[in-house]
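Scroll down for the structure; my scribbles are underneath it.
2 protein chains.
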Amino acid sequence: MDIMEMLSSLEDLENRLFALRHALGVLNLDGVTAAPKGSSRPREKTVGILAGEEYRLRCGEGTRRLLEEMEEASPRLPARARRQVHELMRDFTRTSCIPMAEYTEYARTVSIGSDVWHESKEKSDFASFLPWLEKIVETGRRFALYRDSGSDPYDTVLDGYEKGLSRSQLDPFFALLRERLVPLIRAIGEKPAPPAVRGFYPVEDQKRLTEYLMDLLGLDRQRCAAAETEHPFTDAFSRWDVRITTHYHTEDMLLSLYSVVHEGGHALYESGIGEDLQFTCLGRGSSMSIHESQSRFYENIIGRSEAFIRRIFPVLSELFPGEMRSRFPEDVYRAANLVTPSLIRTQADEVTYPLHVMVRYDLEKALFDGDLRCADLPGAWSELYRKYLGVAPSCDREGVLQDSHWSGGMLGYFPSYALGSAYAAQMFETMKKTVDVEGAVSSGDLSPVTSWLRERIHIYGRMLDPKELLLNAFDGAPFDPECYVRYLTDKYSALYGL
Amino acid sequence: MDIMEMLSSLEDLENRLFALRHALGVLNLDGVTAAPKGSSRPREKTVGILAGEEYRLRCGEGTRRLLEEMEEASPRLPARARRQVHELMRDFTRTSCIPMAEYTEYARTVSIGSDVWHESKEKSDFASFLPWLEKIVETGRRFALYRDSGSDPYDTVLDGYEKGLSRSQLDPFFALLRERLVPLIRAIGEKPAPPAVRGFYPVEDQKRLTEYLMDLLGLDRQRCAAAETEHPFTDAFSRWDVRITTHYHTEDMLLSLYSVVHEGGHALYESGIGEDLQFTCLGRGSSMSIHESQSRFYENIIGRSEAFIRRIFPVLSELFPGEMRSRFPEDVYRAANLVTPSLIRTQADEVTYPLHVMVRYDLEKALFDGDLRCADLPGAWSELYRKYLGVAPSCDREGVLQDSHWSGGMLGYFPSYALGSAYAAQMFETMKKTVDVEGAVSSGDLSPVTSWLRERIHIYGRMLDPKELLLNAFDGAPFDPECYVRYLTDKYSALYGL
């Protein structure tokens, strides 16, 4: 094959992979939004078949030949194609080492496992989920060994979410957080807690708030839409079709507000990826930590800032006149930044949040190392919550069953949240050198902030590795978790008068 | 291959075809409901790729060999497999005679043509749609000749929607309708028209009406969901996942009410197809006319009956207390059956409706016969409306641009609506011999009606040809359009005191 033929075959392969991912994404989105409750049977069937097609396409003999030939011709390829081949080869290697039968069996396991988890969570019945979790953990470990028999399996799993990530990097990271945040949380705990802004917030009015927030974030409504789901998430089918979801709680509008701003950060990332990377494997976020850095940047650094609350307060007053009548921006600002040890990760404040993640990180390591059996998870969970946060769940729904990740096979994902938060803090520190962030937020025009992130991160999609993107975003400095600790300490010392 | 291998290959083929149809259906549904407005680019791409996969699968060499081998082994095959092979072979023949390049080009044409039509309709600008319509008609005619060079191309197109249907059957059918309905409409026109029940009907309350109607129809809400679109339709991804859509007009709740009951009829059909036919080419309605017979049965014969209006009136009063306060069931019944020559087919009453269809039938024949150029359609449209209904549109949006069908390549579809209505009337006449239809409607338990249709039609999917289903549904009698004329004459003579 000459170069032109190779490039055309590559484009064809990418198009077909895009179409399958797109279809699978829409099937999932429809399944958790519009589809009738009893429709899982046809959906599971179709998802199984299309996922099988994707496996065959990704690992087929034709793909292997094409990628090998293109690797050989690599120096003569345009930069984009070289990167595509690199990424597709990584996928090929990671996937093809797993026997097709085990791969499909696993897809089935996590599909049923997710359904079982939903029910188990509802009934707070860990026992019914246990056999599926055991199978998922066992398979996750086995696959990691298929992928790299010479490495620590948990490292292999981490590397799947962020190239090069390992426990040798994460252990000191979490140790630092623990060492510095536990005393901070304790000091805050000695101060009086600000009152919450609970009340009654009708869903229809919260929907209007979602619209407003999306506009404020600068999301292009022609390309980005919002829906309602049990668990908020973001998915993107190219930069021209980005979806976020949220969940409305009538007693507390802050929960959906921060879901929207969080998912909005993911959405800005996806909608800012370069046009030339669309419909290829490079047209996505670079890693899960980088993705979370964007969502948590908007959620916390922007969304929980005083300037942001002041900016949106008039809209809150208009939408919820009864609830806001006797409140001031300051009250909402303090309520949005209430620090208190709690049980549910997704509702945790900025300071205790990484400790929630650390619990999961410790447990995953122990599971992979064989130091902990799945059956003993509930006990171990309570013990670590008590140790790090001083609280323990009274039932498994508020404990080990709260997150969907494990049921979907996402072992090793959680560290991305903490790492992303830390990246975001260092981006903020770097950004402030050239951008008047507070001024942008106050004026309601976030474009200087978004442009900064766009130019240094979004636009590149997967063209660059996370490490290279971080160099862009940190002005060439290495990653320094001290920035994160400093950001939290400064912000909350001021807020709580420490 | 032995029989078992053949059956297993057949199942595999059917599963893959099902998955593609399912994915394409959900992409379309999402596109017209939840997707952001500017997201057509990725969707068109994915739809193009998946439709190409479907073509390759349907017409591939492997499929041809399998179907031929199975045709040979036909006597030894189980009945269901025999029928599957028959249907798939029909698809194969109809599709594979068209060169792949022309097929994909056509898919592109109707995809863009649909978008152009939407805009042309909005601006009432026929000229911008004309070149696309010309291309669609020319291709439709060319494809018909590929499919059967020895037959009249319009007959070939009709046969695509209902096996064996031809103009030699439709010409006398429409002639009869014209001869008998035009005088009826004229007689009705001399009587005073009942007042409409217009007013202000909030969308949220109409949504509650939709919920109520779906329950009343006996749709299983675990398997059937409703959404909102510009143009109402039904799609089904197996009997376990059926979707209907409606459009709410705040000034007239009857429009959405009858959309829901109409689409509900389609949905009952799809959700009643036998379990053993699911995920195969037999797990769908037998033909478009049969499908429309079910939707128009529920919409008109059930939904526009006096018993139905009396049954739902308390709910209407509860949902729309202001608008219903000074009204009686009789008023709503008469408003729902107001007969008057009008311009828009989808809003036409039961009696003038088939004349709207006849206009389109006449025009399609003339286009296919070369007696009419697309450019002359607006004039010919007005002329026929004046001739059959005594009214003419003042702009193309209310005339030739009103329906989506042609822009989507659905030439020859319209007769299904009139034929379906006539089938429904004869089913009603037959059903009444053993079922107390009025009693069922009055009691709010439609199950005797639905069971009757289920046993004679729904359950069979495509196992039987339309003609065989009609024998079931007419107690062995031949199709007799006089039933339809009689039904309309009796009902409206009583209503208008003729």
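Listed in order, the protein sequences are those of chains S and P.
Residue numbers for the first sequence follow this note's numbering, so the first one is 1 and each next one is one higher.
Residue numbers for the second sequence follow this note's numbering, so the first one is 1001 and each next one is one higher.
Glycine included, each C-beta is placed from N, C-alpha and C at the ideal position.
Using alpha carbons as the reference points, say which of the options lies closest to residue i.
i: P:SER1421; options: P:LEU1177, P:LEU1372 and P:LEU1130; result: P:LEU1177
i: P:LEU1066; options: P:GLU1323, P:PHE1126, P:SER1008 and P:SER1120; result: P:SER1008
i: S:ARG141; options: S:VAL182, S:ILE98, S:THR229 and S:LEU181; result: S:ILE98
i: P:ALA1193; options: P:ASP1331, P:GLU1011 and P:ASN1015; result: P:ASP1331
i: P:THR1346; options: P:LEU1363, P:GLY1399, P:GLY1160 and P:ALA1366; result: P:GLY1399
i: P:ILE1112; options: P:HIS1458, P:GLY1379, P:LEU1133 and P:TYR1201; result: P:LEU1133
i: S:PRO78; options: S:PRO478, S:MET6 and S:PHE308; result: S:MET6
i: P:SER1124; options: P:THR1046, P:ASP1475 and P:GLN1402; result: P:GLN1402
i: S:THR210; options: S:GLU162, S:PHE237, S:ASP235 and S:LEU254; result: S:LEU254
i: P:HIS1262; options: P:CYS1281, P:GLU1230 and P:MET1214; result: P:MET1214
i: P:LYS1045; options: S:GLU122, S:ARG284 and S:SER238; result: S:SER238
i: S:ASP241; options: P:LEU1219, P:PRO1042 and P:TYR1496; result: P:PRO1042
i: S:GLU350; options: S:LEU446, S:ASP490 and S:GLN222; result: S:ASP490
i: S:LYS170; options: S:CYS281, S:GLY285, S:LEU158 and S:THR430; result: Residue identity check: residue 170 of chain S is Leu in the sequence provided, not Lys. That would be S:LEU158, whose Cα lies nearest to the Cα of S:LEU170.
Just curious, the alpha helix (DSSP H) that residue i is in, first and last residue?
i: S:ARG223; result: Looking at the DSSP string, S:ARG223 is not in any alpha helix (DSSP H), and its letter there is neither H nor E.
i: P:ILE1136; result: 1126-1147
i: P:ALA1081; result: 1079-1096
i: P:LEU1013; result: 1003-1032
i: S:TYR298; result: Note, S:TYR298: premise wrong, no alpha helix (DSSP H); not H, not E.
i: P:TYR1361; result: 1353-1369
i: P:PHE1381; result: Checking the displayed sequence, the identity of residue 1381 of chain P turns out to be Trp instead of Phe. Start and end: 1377-1389.
i: P:PHE1428; result: 1415-1431
i: P:PRO1481; result: 1481-1496
i: P:CYS1374; result: First-last for P:CYS1374: undefined, no H or E at that position.
i: S:CYS59; result: 40-59
With a threshold of 8 Å between beta-carbons, can residue i be considered close to chain S, or not?
i: P:GLN1222; result: yes
i: P:ASP1241; result: yes
i: P:ASP1369; result: no
i: P:GLY1027; result: Reading the sequence as shown, one finds Leu at residue 1027 of chain P and not Gly. Yes - at least one Cβ of chain S is within 8 Å of the one on P:LEU1027.
i: P:ASN1300; result: no
i: P:LEU1050; result: yes
i: P:ARG1186; result: no
i: P:PHE1233; result: no
i: P:LYS1045; result: yes
i: P:ASP1030; result: yes
i: P:ALA1348; result: no
i: P:ASN1472; result: no
Could you pull out every residue in the same chain whose Cβ sits closer than 6 Å to the Cβ of residue i, ignoring the five residues on either side in sequence?
i: S:LEU217; result: GLY264
i: S:TYR106; result: THR139
i: P:ALA1226; result: THR1210 and ILE1244
i: P:ASP1396; result: SER1124, PHE1126 and PRO1378
i: P:SER1096; result: CYS1059
i: P:PHE1173; result: PRO1481
Which same chain residues, not among the five before or five after residue i, have their C-beta less than 7 Å away from its C-beta?
i: P:LEU1389; result: PRO1341, THR1352 and LEU1355
i: S:THR156; result: ALA144, ARG147 and ASP148
i: P:TYR1333; result: GLU1306 and ILE1309
With a threshold of 8 Å on Cβ separation, who are the neighbours of residue i within its own chain once the five nearest residues in sequence on each side are excluded?
i: P:TYR1258; result: GLU1299, GLY1303, ARG1304 and ALA1336
i: P:ASP1276; result: ARG1080
i: S:SER74; result: ARG82 and VAL85
Should residue i be flagged as near chain P, meaning a C-beta pair shorter than 8 Å?
i: S:GLY38; result: yes
i: S:HIS356; result: no
i: S:THR245; result: no
i: S:ASN337; result: no
i: S:PRO42; result: yes
i: S:HIS22; result: yes
Which two residues bound the contiguous beta strand (DSSP E) that contains residue i?
i: S:ALA236; result: 234-236
i: S:ARG456; result: Here S:ARG456 belongs to no beta strand (DSSP E); instead the alpha helix (DSSP H) covers 447-456.
i: P:ARG1243; result: 1242-1246
If contact is defined by three or more beta carbon pairs under 8 Å, each pair taking one atom from either stretch, is the segment 1477-1489 of chain P in contact with the segment 1422-1432 of chain P?
yes
Do three or more CB pairs link the segment 1268-1276 of chain P to the segment 1452-1469 of chain P at distances below 8 Å?
Two segments are said to touch when three or more pairs of C-beta atoms, one from each, lie closer than 8 Å; by this definition the segment 1268-1276 of chain P touches the segment 1452-1469 of chain P.
Report yes or no: do the segment 1009-1028 of chain P and the segment 39-51 of chain S share at least 3 C-beta pairs separated by less than 8 Å?
yes
Pair every Cβ in the segment 1195-1214 of chain P with every Cβ in the segment 1315-1330 of chain P, then say whether three or more of these pairs are closer than 8 Å.
Verdict: yes, contact present.
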